[in-house]
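Its first residue numbered -9, the sequence shown is counted upward by one per residue in my numbering.
Report on the structure given below.
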Amino acid sequence: MIKSNFKKYTLEADVDDYVKEILSALGLKKGVDFNEKSAMSDYMKEALKGAAKTKSKKLFGIPDFHLESRKIPVVIENKLGNKYHISANKSGIKMDENSIKNYAVNGAVYYAKNMIESKKYDEVIAIGISGEDSESIKISTYYVFSSYIEPKYMKNYSSLGFLESKKSFDAFYEDATVTEDEKHRILIKTREELLRHAKNLNKLMNNHNVGVEQRVVYVSGMLLSMQDILDDEKNIIDSGLIPDDLKGIQTEEKRDGVIIMSHLKDYLSQKKIPADKRSIMIDSFKMSIALDAARDIPTSVDKAVANLIDGDASITKQIFVYLYENIYTAINLSGGALDIMAEMYSTFLKYALSDGAPLGKVLTPPYITSMMAKILNVNKDSRVMDIAAGSAAFLVAAMDLMIEDANKVYGKGTKRAAEEIETIKHEKLLGVEIDAKMYTLAASNMILRGDGSTKIRKADTFSTPKEIYTEFMADVLLLNPPFSYVDNGLPFLEFGLDNMKVGGKAAVIIQDSVGAGKSIGTTANILKRHKMLASIKMPADLFMPNANVQTSIYIFEAGTPHNCEYDIVKFIDFRNDGYKRTERCIKEVDHPVERYQDIYLLYRLGFNAVKNPQFHSNLWDIDKVYCEDTITAEGNDWNFEKHVATSNIPKDISFVSSIDAHLSWEIDKWISNQHNLTSTKSIEMLKKKEKQLYPVSEVFDIYKIPSYNKEHLTIPDNSDEAYDYITRTTTDRGICEKTGFIDSEGMNEAGTFSLGLLSMVFYYRENDWYAGQFMRKISCKYKIDRWTATYLETVLNGLSEKLLSGLVRDVDSTFLDLKIELPSKDGEIDFEWISNYVKSREKRVIEDMIQAFTQEQED
């Protein structure tokens, strides 16, 4: 036996030495290209100093190694032994104190997330390294781009070679950065997570009798109170509130609601928010948070926070703790296109009528606001206006694109980019909102994103001094007007177009009955002064569950009268955007990520979009979803269906689909009709074969398995990573739909059987699968192929009647106590014969079918 020359590591320092050797072998110099422990710049020290948002704020530390010599920083954490490489669950890399301290990947990612949370970095590379000796070293690399979203695992980078030079790192960085596809998926996934917490929070507040009309302002005020108060140099003057700051003291000056309001006043004052704006916000917050002293009296805790709070706590603290643990520490409030306040508001609105319902305030989903901003080519130089701002969803989406463009043009992290971003936030976004509550939400939303609230105004859009608009001179208008306003809000579009820069672009999403003749007076006036460029028909379920209205997006150019004889308008049917929306969730059903990419190209390039390599032509029947046409001066034909040409001649694909469907029916009919003629020999073979009774328990095991509701399902990254979601019904062999990876614990392997406890029907599973409610997994104790499985499925289904006659709770024991008859040889189950028998039958049916169809064609 050859002995290994690899020395066994006994200390974590041995792993550190290995890393130093590798870095040195790559030509990197300590003190120049990389450093150990605390030998880092003051800037990085500051980023790691106080960003941890834990109850104690004591989880400070420094990574084992770090590099500041590359495009973005790299942090490395080492551990002795691969069992301490990573700790993860179905939600991802665990961030609890034990995991952070004891696991390499967890520690590295924790440091990286803290650096991003400090707002001094936008991206960090985290590397976890572990091993027992130099032969067993394990390296995992992650691109960390958010303090709340799971980092991107770079599975192809299991060595440190990419750190060798700036050139090699740049190649790695290009591979690491998040794609548009990933951004869209992250937005959808994060929104789903936020909606889940909003639903729980709504229930918590309802249980504590917090009025519906107060809830979303309650939330926004508390989130602001968690923010640190900074001076002009971004130094912390006073830390944001944490749960331990709310002690339930029963004095007027120190009760929990008053403590929150005190911090809010100081925070808004230090932000130098104008007095009139600050007064409106403070009044709104006070009415919701601090007016009712009874909410500050400690009481028994709701089950939603029972695992987060020891002992009694005030209602104020219970809500604060839920927000702190599940929203503030888990979701990035300062960046991206996700509109936190709008999602909260929409969720609360779903459960009870609030001020927003009679006003027709149906807030726009973030992936729609992003799409509309992108279609109008919003960039760092844009001046963006929304005159029915609501919660500022459009301004949030626009600011995200503007900042992204500034970083792209000037370089992320550069002084020039930082200066441009400040200009964007303070000078290039204008919002007007008349409702005090919605105004407070809009201002809070933008403040959470770095004080983009400077030009958010509480005012009546139509009576606001004209100078507000003429001085701002918007070149982009994004709009979702209140549908219950006159003409479904169309006057907002007319007013906005009249008060923006000539040549500016506007996009409005609106109930499209206004473009079908309902609002001819307003539509005709708009066309006299402004040119229509495009109309995009949107899904009817877009605003589910808060509203079920048919909308379109209308796009205009300001200041150029529409020439109805010559000006061509682009019409796009986007009713199939790839999503299916229900009361409970949004599901991916037909490539939504790709479709939302394509809609931009379709708007820009029209019919020529199919020539663009980035366009997914296979998803579109271009002639059915796109057309170009003129419109009338009255403006009663702004919608897609008025212009698309319909044809009675089937498309090529229609012929193929129809022929295939008929052929499938013919085959089913033939097999059914020929059953008696072709099965005699097979039946005789079966009768002659020796058989024996076997206890089910000798052949099969039955397992209780984790179950998942539909809201647990995920979006598959691609078709190769899709799993069957099996429910207890018999439709489509129990396959309800496809899902992406949920977790390892609940994944059932291919080659097993499912048992639905509703009908007691067994199905063999050829793919890995997850289960819905009331399911069991049946596993054969012997290795079997799919032909044997087909036979066994029939045998198992012979037990259904017996299982149905018993109690569901006893199904496991009942199943194992039954006996089944199987072909045997020398007392053993003859699996080889079973497999050959099914193969023979399959071959016979196919050969006879081919012969019959061939004969029919010859005749």
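Ideal Cβ placement from N, Cα and C applies to all residues, glycine included.
Quantities reported herein were computed from a predicted structural model and do not represent experimental measurements.
In whole angstroms, give me the CA-to-CA distance for residue i and residue j.
i	j	result
Asn197	Tyr33	46 Å
Ser474	Glu457	28 Å
Leu745	Tyr693	10 Å
Val539	Glu584	25 Å
Ile12	Leu57	14 Å
Ala426	Phe275	11 Å
Leu194	Leu431	20 Å
Thr354	Glu154	46 Å
Ser149	Leu592	42 Å
Ala496	Thr359	13 Å
Val828	Glu122	51 Å
Gly817	Ile716	36 Å
Tyr760	Tyr74	29 Å
Lys445	Val99	37 Å
Glu711	Asp722	20 Å
Ile119	Val634	59 Å
Gly301	Ser290	7 Å
Val798	Ile768	16 Å
Pro348	Gly401	Unreliable placement is indicated for Pro348, whose pLDDT of 40 sits below 50; no coordinate value is reported for it.
Ser324	Ser434	Unreliable placement is indicated for Ser324, whose pLDDT of 49 sits below 50; no coordinate value is reported for it.
Asp390	Met765	45 Å
Glu811	Leu782	10 Å
Ala396	Asp112	14 Å
Asp23	Arg439	34 Å
Thr572	Leu747	26 Å
His702	Met144	25 Å
Pro356	Leu281	33 Å
Ser278	Tyr208	5 Å
Ala41	Met105	In this prediction, Ala41 has a pLDDT of 43, which is less than 50 and means its spatial position is unreliable; nothing more can be read from the coordinates.
Gly505	Asp477	10 Å
Val422	Ala382	9 Å
Tyr341	Phe135	At Tyr341, the pLDDT of 48 sits below 50, so the modelled position is not reliable and the matter cannot be decided from this model.
Leu786	Glu578	35 Å
Ile317	Gln604	36 Å
Tell me the residue span of the beta strand (DSSP E) that contains residue i.
i	result
Glu584	Run containing Glu584: none in the beta strand (DSSP E); it sits in the alpha helix (DSSP H), Pro582 to Leu595.
Asp6	Taken as a continuous stretch (DSSP letters only), Asp6 belongs to no beta strand (DSSP E), being part of the alpha helix (DSSP H) at Glu2 to Ala15.
His56	Phe55 to Leu57
Pro813	Lys809 to Lys815
Arg447	Ile446 to Lys448
Tyr395	Residue 395 is actually Asp in this sequence, not Tyr. From DSSP, Asp395 is part of no beta strand (DSSP E) but of the alpha helix (DSSP H) over Ala383 to Tyr400.
Asn68	Val64 to Leu70
Gly121	Val114 to Gly121
Within the continuous alpha helix (DSSP H) that includes residue i, where are the two ends?
i	result
Trp777	Arg776 to Asn787
Thr306	Ile305 to Leu313
Arg519	Ile510 to Arg519
Thr354	Counting along the chain, Thr354 falls outside any alpha helix (DSSP H), and DSSP gives it neither H nor E.
Asp488	Leu480 to Asp488
Glu756	Run containing Glu756: none; DSSP gives neither H nor E here.
Gly796	Per DSSP, Gly796 belongs to no alpha helix (DSSP H) and is neither H nor E.
Ser130	That residue, Ser130, is in no alpha helix (DSSP H); its beta strand (DSSP E) goes Lys128 to Val134.
Lys103	Ala94 to Glu107
Asp32	Asp32 to Lys39
Glu547	Careful: Glu547 lies outside any alpha helix (DSSP H), inside the beta strand (DSSP E) at Thr541 to Glu547.
Using alpha carbons as the reference points, say which of the options lies closest to residue i.
i	options	result
Lys157	Lys61, Asn146, Lys80 and Lys145	Lys61
Leu789	Asp807, Ala779 and Ser607	Asp807
Met392	Lys405, Pro455, Val422 and Val466	Val466
Lys267	Met428, Lys364, Lys527 and Gln240	Met428
Phe752	Ile725, Asn146 and Ile127	Ile725
His187	Leu313, Ser136 and Ala78	Leu313
Leu1	Gly71, Val492, Lys570 and Val95	Gly71
Arg755	Asn369, Phe731, Asp714 and Ser259	Asp714
Met216	Phe597, Ile287 and Ile309	Ile309
So if DSSP puts residue i in a beta bridge, which residue, or which two residues, is it bridged to?
i	result
Ala746	The residue you asked about is not Ala; residue 746 is Gly in the sequence shown. In the DSSP output, where bridge partners are listed per residue, Gly746 has Val751 and Met765.
Phe159	Note: Phe159 sits in no beta bridge, so no partner.
Tyr713	Thr729
Asn738	Trp759
Phe24	Lys20
Glu423	Lys448
In chain order, which continuous runs of the alpha helix (DSSP H) of length 4 or greater are located wholly inside the stretch 218 to 294? 246 to 260 and 265 to 279
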